[in-house]
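**Student:**
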Amino acid sequence: MVIVGGGIAGMTTAYYLAKSGVASVVVERDAIGSHASGFAYGGLSPLSGFGIPGPQAEIATDGMQLHRELSKGLLEETGIDVDFRMRASLALAFTDADARRLKAALPWQQNQAGYAARWLDIEDARRVEPRISDETLGATLTEGGGAVEPYLLMLALTQAAERLGVTVRHGRVIGLRRHGGRVTGVVLEREVLSCATAVLAIGPWSAEASEWIGVPIDVRPLKGQIIRLQAPGPPIECSVGWGHNYATTKTDGLLWAGTTEEDAGFDEESTIAARDEIGDALVKMLPAMADAQVAQQTACLRPVASDGLLVLGSVPGLDHVYVATGGARKGILYGPAMGHALADLVLGRKTRIALDAFTPGRFARADPAA
Ligand SMILES: Cc1cc2nc3c(=O)[nH]c(=O)nc-3n(C[C@H](O)[C@H](O)[C@H](O)COP(=O)(O)OP(=O)(O)OC[C@H]3O[C@@H](n4cnc5c(N)ncnc54)[C@H](O)[C@@H]3O)c2cc1C
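Read left to right, the sequence shown gives residues 731 to 1100 (my numbering).
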């Protein structure tokens, strides 16, 4: 069995398969976790985001549950602490429209077992984080979500998988070898790896696989940048957010602030414009951070499907070929649930969650020419 792509979707699939006794070969073009999966913010927020409430709600809470279990298992298996922790989030409103949107989400959020969400006025919000802006009209405090350190998670997953017999291979996949409706090999630039099962988990580059499988996979890259800062004062313990911006102090002691959403193709360079945009939003949320000094800036690409949903399941017309991508802004949260579900599919087991909305064949149906 070959898994293409050593991001979180590929490595969690390899890990859960190996836990069930199936050792795969993971083929990675660059380095494991060297793109978004190793550089994400690591927030785990199952009660908000695209498709929540909606088709992605179940996989979001499943991901949260699996992160809890996975962090303990990986510590035992590798000695690596992936720094999973429960972390409250404070979503700020600066306008009436912000407040209306946040309040409209509350009734559903308050119905989710294991989570708590409530509206706070500025005084109560200041008891959670005293440094929020005077312009804050109010905020939603959500508890039950968490955070993880994505780079350590990727390291631990890889070590644990390798100990269970998984092989990581460096190489760029350029196609599949097929015989009728079956896969017989994964084609690298200089060799072919024979296999009867292939999992394609190549993140923002997933559209390249359309030709390999003869089915369109409508996924594009959406660039995002993060700045890490030396910040004055005590750590920001919760995740403070406003729209698509957020900030929290991570275990490296730096304040991480993000993020942008940029249609920039496959460009992964960090830019001054993004640094300024993120810095402005940070100071709007937390004016005391105006004196914070940028220590590092990262840029990477999210895999986003044209309908915004995950792409997870078997490829129509090809036996034992699977796609796992489309994590978009929440691929770290979804990662373990994606890998677990794919391992179940590959092993012919019933999945814990429904995957109907995520079927890789849906883009062909959407394209009347296909
Ligand atoms: C700035 C930013 C912040 C984020 N913050 C969060 C967050 O707080 N919480 C959250 O849940 N999510 C977050 N995300 C989203 C998350 O990082 C992604 O959704 C997730 O990492 C995607 O994982 P993936 O495995 O699908 O893709 P990737 O991590 O991109 O992995 C795909 C891998 O496939 C390899 N590959 C591609 N083509 C080939 C080929 N032909 N042959 C061999 N290998 C190949 C690539 O080199 C890459 O390593 C964030 C993303 C960004 C950009």
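Think of the CB as a built atom: it goes at the ideal place given N, C-alpha and C, for glycine as much as any other residue.
What does the Cβ neighbour count give for R817, buried or exposed, with the cut at 16 atoms within 10 Å?
**Tutor:** It is buried - the Cβ of R817 has at least 16 other Cβ atoms within 10 Å.
**Student:** Can you list, in chain order, the residues of its chain whose CB lies under 7 Å from that of A835, leaving out five sequence neighbours each side?
**Tutor:** Correct list, in chain order: S778.
**Student:** Looking at L804: is its Cβ nearer than 8 Å to the Cβ of A739?
**Tutor:** No, they are not a contact pair.
**Student:** So who's on the other strand from W986, going by DSSP bridges?
**Tutor:** Answer is R958, T978.
**Student:** Tell me Q786's beta-bridge partners as DSSP assigns them.
**Tutor:** In DSSP, Q786 forms no bridge with anything.
**Student:** Looking only at C-alpha atoms, which of T981, N841, L1039, Q1026 sits nearest to E999?
**Tutor:** Here the closest residue by C-alpha is Q1026.
**Student:** With T743 as the anchor, note down where its alpha helix (DSSP H) starts and where it stops.
**Tutor:** Start and end: 738-749.
**Student:** In three-state terms, what does DSSP make of R817?
**Tutor:** Here R817 sits in coil by DSSP.
**Student:** Do Y771 and ligand 1 come close, with the Cβ less than 7 Å from some heavy atom?
**Tutor:** Yes - ligand 1 has a heavy atom lying nearer than 7 Å to the Cβ of Y771.
**Student:** With distance defined between alpha-carbon atoms, name the residue in G983, S775, E991, I733 nearest to A961.
**Tutor:** Of G983, S775, E991, I733, the residue nearest in Cα terms is G983.
**Student:** Does ligand 1 have even one heavy atom less than 7 Å from the beta-carbon of K1060?
**Tutor:** K1060: yes, Cβ under 7 Å from ligand 1.
**Student:** If you reduce the DSSP assignment to three classes, tell me which class R857 lands in.
**Tutor:** Helix at R857.
**Student:** Taking C-alpha atoms, which residue in E967, V1024, P1090, V1045 lies nearest to P860?
**Tutor:** Checked all of E967, V1024, P1090, V1045; the closest Cα to P860 is E967.
**Student:** What does DSSP give as the partner residues of C1030 in its beta bridges?
**Tutor:** Paired residue(s): G954.
**Student:** Give the straight-line distance between the Cα atoms of H765 and L774, rounded to the nearest whole angstrom.
**Tutor:** Approximately 18 Å, taken between the alpha carbons.
**Student:** Could you say which of A1067, A987, P1090, R908 lies nearest to H797 if we only look at CA atoms?
**Tutor:** Checking every option, the nearest Cα to that of H797 belongs to A1067.
**Student:** In its own chain, which residues sit with a C-beta less than 8 Å from the C-beta of V970, not counting the 5 before and 5 after it?
**Tutor:** Hits under 8 Å: S819, L820, L822, E859, I862, Y976, A977, T978, M1015, L1016.
**Student:** Out of L918, R893, G911, G809, point me to the one whose CA is closest to V903's CA.
**Tutor:** Taking only the C-alpha atoms, the option nearest V903 is L918.
**Student:** I'd like to know whether the C-beta atoms of G793 and Y1064 end up nearer to each other than 8 Å.
**Tutor:** In this structure, Y1064 lies closer than 8 Å to G793 by Cβ.
**Student:** Assuming G763 and G735 make a contact with CB atoms under 8 Å, what is their CB distance in whole Å?
**Tutor:** Contact flag wrong, Cβ pair sits at about 11 Å.
**Student:** Can you tell me whether DSSP reads S801 as helix, strand or coil?
**Tutor:** S801: helix per DSSP, three-state reduction.
**Student:** How close, in whole Å, do the beta carbons of A1087 and L1039 come, if the pair is a contact with beta carbons under 8 Å?
**Tutor:** The Cβ separation is near 6 Å, so the contact holds.
**Student:** Rounding to the nearest angstrom, what Cα-Cα distance links A847 and V913 in this structure?
**Tutor:** In a straight line, the C-alpha of A847 is about 47 Å away from that of V913.
**Student:** Check whether the Cβ atoms of L1072 and G911 lie closer than 8 Å to each other.
**Tutor:** It is not a contact, given that the beta carbons lie outside the stated cut-off.
**Student:** Using the Cα positions of W838 and T825, report the straight-line distance between them to the nearest angstrom.
**Tutor:** Between W838 and T825, the C-alpha separation is close to 22 Å.
**Student:** Taking T808 as the reference, which of L985, A1029, L1077, A886 has the closest Cα?
**Tutor:** Closest option to T808, Cα to Cα, is A886.
**Student:** What residue does the beta strand (DSSP E) around Y1052 start on, and which one ends it?
**Tutor:** Run containing Y1052: 1051-1055, per the beta strand (DSSP E) assignment.
**Student:** Does ligand 1 have a heavy atom nearer than 7 Å to the CB of G740?
**Tutor:** G740 Cβ: within cutoff of ligand 1.
**Student:** Unbroken alpha helix (DSSP H) runs of length 4 or more, entirely within the region 831-897: which are they?
**Tutor:** Runs of the alpha helix (DSSP H) inside the region 831-897: 852-858, 880-893.
**Student:** Taking all protein chains shown into account, decide if H1070 is buried (16 or more other Cβ within 10 angstroms of its Cβ) or exposed.
**Tutor:** Counting Cβ neighbours within 10 Å, H1070 comes out buried, since at least 16 surround it.
**Student:** Taking the alpha carbon of G915 as the point to measure from, which residue in L1031, V755, D1006 has its own alpha carbon closest?
**Tutor:** The shortest C-alpha separation from G915 is found at V755.
**Student:** Please classify I1002 as buried or exposed, where buried requires at least 16 neighbouring CB atoms within 10 angstroms.
**Tutor:** Classification for I1002: exposed.
**Student:** Report the three-state DSSP secondary structure of S1044 (helix, strand or coil).
**Tutor:** DSSP places S1044 in strand when its eight states are reduced to three.
**Student:** Have a look at M1019 and I947 and give me their C-alpha separation to the nearest angstrom.
**Tutor:** Cα to Cα, the separation comes out at about 42 Å.
**Student:** Given 7 Å as the limit, tell me if R1032 has its C-beta closer than that to any heavy atom belonging to ligand 1.
**Tutor:** R1032: yes, Cβ under 7 Å from ligand 1.
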